[in-house]
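Working notes for the structure below.
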Amino acid sequence: MLRIRERFFKRRGMNATRFVAFSFAGIILLGALLLTLPIASKDGQSAGFFTGLFTATSATCVTGLILVDTGIHWSLFGQVVIAVLLQIGGLGLMTIMSIFSLIIGRRIGLSERLIMVSTLNLNEMEGVVRVVRHALIGTFAIEGVGAILMAARYIPRLGLAHGLWAGIFQAISAFCNGGFDVIGERYGAFSSLAGVNDDPVILLTTGTLIVIGGLGFFVWEDVLQSRCWKKLSLYSKLVLSMTAVLIVGGTAFVLLAEYHNPATLGDMPLWQKVLNALFQSITLRTAGFDSIGQGGMTDETKAVSIMLMLIGGSSGSTAGGIKTVTVAVLLLTLRASLRGREQVTIRRRTIPASRVMTAMSLTLMILSLFFVGSIVITTLEGLPYIDCAFETASALATVGVTAGITTTLGRVSQSILILFMYLGRVGVFSASVAFAAGRKPAKIQYPSAELMIG
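Be aware that the sequence shown starts at 131, since it is given in the working numbering, and climbs by one per residue.
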């Protein structure tokens, strides 16, 4: 595979970002074909290519939106395919392929390092192999611990074989921010984790895996090397601070807004309300698990949920969205503008204008896609805009929570969600760079134009 990739790079002039985009597309297509096989369904009947394509896209793009319940419809073969797609989607094809190079002691070449940098969204190649090695070891170790903890809770409920597999599958899905589960056969179709929303071990373990997976591999590496807050890089401090603020703020809002809502938290004791409000705040950060029923939430909670989904996790992680540090840069830019300063600064450091422009471009592209997609879907389906916007944000930010309308949408609307899941995982900015690669910079500079703003 590595030799084929090397030849493809040389002959086709393929750059790293474009390789990542096409590799994800290839994995999705292969996964769709495997899920279309009769052996992938419990009833022995083919699910059809579109259902296979939707599920493969959702799994590879670590989203969690589904047309059929994973535990009820897919056989063990189909569930294993989905688990593999989740793992590849979370870590990236090149990261997975590097396992073989590391095992046999093969030197990882320059082109492979470029792909790793693009996959993990790093800024430089220095130390990328070390980051990947630690990412792989950390991923399997953390998923292993999570699988053991959840299997210990699932085995008494589901039996030895099913409980063990449910723990393993959910650990992979949670760490990769996938949102898939295989317990629907026991608790009902599309119920997600609502049947176990009274189990602190399952919810807290799942939530912890989601947060760790959403921090990003660079932050892991920084924490391992620094081991104290003062020595952390500015980027890691921003990631950890924004993550904490969003989780705590989201928990407080959901708890207050849904406290008396009988469709969500209303009938729970206080400790369970706090637990599920916390889990809701975490899962909205691109995880896709559901413990309280998204369709029953109030409109104001759905609106805040959309905002949290679009923000997402952190760069170089298994999460999607605009990303936490991108939002932090935008807020710092706003602060500088309000204070009349031309430079955007934080802690005696200046954020380059190119980074500010990238943050603004990425945010505008995602918001534009979100508004256009949600308006098109609500127009086509005749459904309330808030629910269509919720579903669109969930797909674009690769979250996976649903207001309960995914299965009722027409094929055109579902195709839009497929496209948005792909763009959300590959990265809107990365995709635009990939297909614009090779353009020559402008050779002519025009006079400045003074425009009135505001």
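Backbone N, C-alpha and C fix where the C-beta goes; we use that ideal spot for every residue, glycine too.
Spatial neighbours of residue i in its chain, beta-carbon cut-off 6 Å, leaving aside the 5 residues before and after
i      : result
Gly276 : Ala301, Thr335 and Leu339
Phe179 : Thr166
Gly182 : Ala162, Leu165 and Thr166
Pro577 : none
Buried/exposed call for residue i, threshold 16 Cβ in 10 Å
i      : result
His203 : buried
Lys360 : exposed
Trp350 : buried
Phe500 : buried
Asp311 : buried
Ala393 : exposed
Arg148 : buried
Leu581 : exposed
Arg415 : buried
Ile100 : With the chain covering 131 to 584 only, the question about residue 100 has no answer from this structure.
Thr509 : exposed
Gln410 : buried
Ser504 : buried
Val198 : buried
Thr381 : buried
Trp401 : exposed
Ile583 : exposed
Met280 : buried
Gln544 : buried
Phe138 : Bear in mind that the predicted position of Phe138 carries a pLDDT of just 48, short of 50, making it unreliable; the figure below should be weighed with that in mind. With fewer than 16 other Cβ atoms within 10 Å, it is exposed.
Gly91  : No answer is possible for residue 91: the residues shown for the chain start at 131 and end at 584.
Supposed contact pair residue j and residue i - C-beta distance, whole angstroms, cut 8 Å
i      : j      : result
Leu461 : Ile452 : Actually they are not in contact, since the Cβ atoms of Leu461 and Ile452 sit about 12 Å apart, beyond 8 Å.
Thr428 : Ala387 : 6 Å
Leu478 : Gly219 : Checking the sequence, you will find Arg at residue 478 rather than Leu. At roughly 39 Å, the Cβ-Cβ gap does not stay under 8 Å, so Arg478 and Gly219 are not in contact.
Ile516 : Lys432 : 5 Å
Thr185 : Ile212 : 7 Å
Ala489 : Thr456 : 5 Å
Ala466 : Thr475 : 7 Å
Leu438 : Leu376 : 7 Å
Thr200 : Gly293 : Their Cβ separation, rounded to whole angstroms, is 16 Å, which puts Thr200 and Gly293 out of contact at 8 Å.
Three-way DSSP call (helix, strand, coil) for residue i in this model
i      : result
Val474 : strand
Met487 : helix
Ile516 : helix
Gly195 : In the sequence on display, residue 195 carries Leu and not Gly. Three-state result, Leu195: coil.
Tyr317 : helix
His390 : coil
Arg541 : helix
Leu468 : helix
Thr493 : helix
Ala189 : helix
Gln575 : coil
Asn406 : helix
Leu581 : coil
Leu362 : coil
Pro286 : helix
Thr166 : helix
Phe419 : coil
Phe347 : helix
Ser303 : helix
Leu549 : helix
Tyr291 : Sequence check: residue 291 is Ala here, not Tyr. In this structure, Ala291 counts as helix in the three-state DSSP scheme.
Thr335 : helix
Gly219 : helix
Ser445 : coil
Ile340 : helix
Sheet register partners of residue i (DSSP bridge)
i      : result
Thr480 : Thr475
Ser171 : Trp204
Cβ-based neighbour list, residue i, same chain, cut-off 7 Å, excluding 5 preceding and 5 following
i      : result
Arg141 : A caution first: Arg141 carries a pLDDT of 48, below 50, which makes its placement in the model unreliable, though a value can still be read off. If we look at Arg141 and ignore the five residues flanking it on each side, it has no Cβ neighbours.
Ile272 : Phe305, Leu339 and Ile342
Thr532 : Leu195, Gln424, Glu521 and Ser524
Pro168 : Gly174, Gln175 and Ser176
Ala189 : Gly161, Ile212, Leu215, Leu216, Gly219, Gly308 and Phe310
Gly268 : Trp350
Ala519 : Ile436 and Ser504
Leu513 : Ile535
Cutoff 8 Å; reference residue i; Cβ partners in own chain excluding five residues on either side
i      : result
Leu370 : Leu345, Val349 and Leu362
His264 : Phe347, Trp350, Glu351 and Leu354
Gly97  : In this structure the chain extends from 131 to 584, so residue 97 is not present and cannot be described.
Pro104 : There is no way to answer for residue 104, as the model of the chain reaches only from 131 to 584.
Tyr389 : Leu395, Gly396 and Lys403
Tyr317 : Ala324, Gly325 and Val326
Met551 : Thr187, Ser188, Cys191, Thr193, Leu195, Ala525, Leu526 and Thr528
Ala319 : Asp199 and Ile202
Proximity test, residue i beta-carbon vs the ligand SAM heavy atom, cut-off 6 Å
i      : result
Lys432 : Among the components of this structure there are no ligands whatsoever, and the ligand SAM is therefore not found.
Chain D within 7 Å of residue i, Cβ atoms only
i      : result
Leu163 : Absent from the structure: chain D. Only one protein chain is present.
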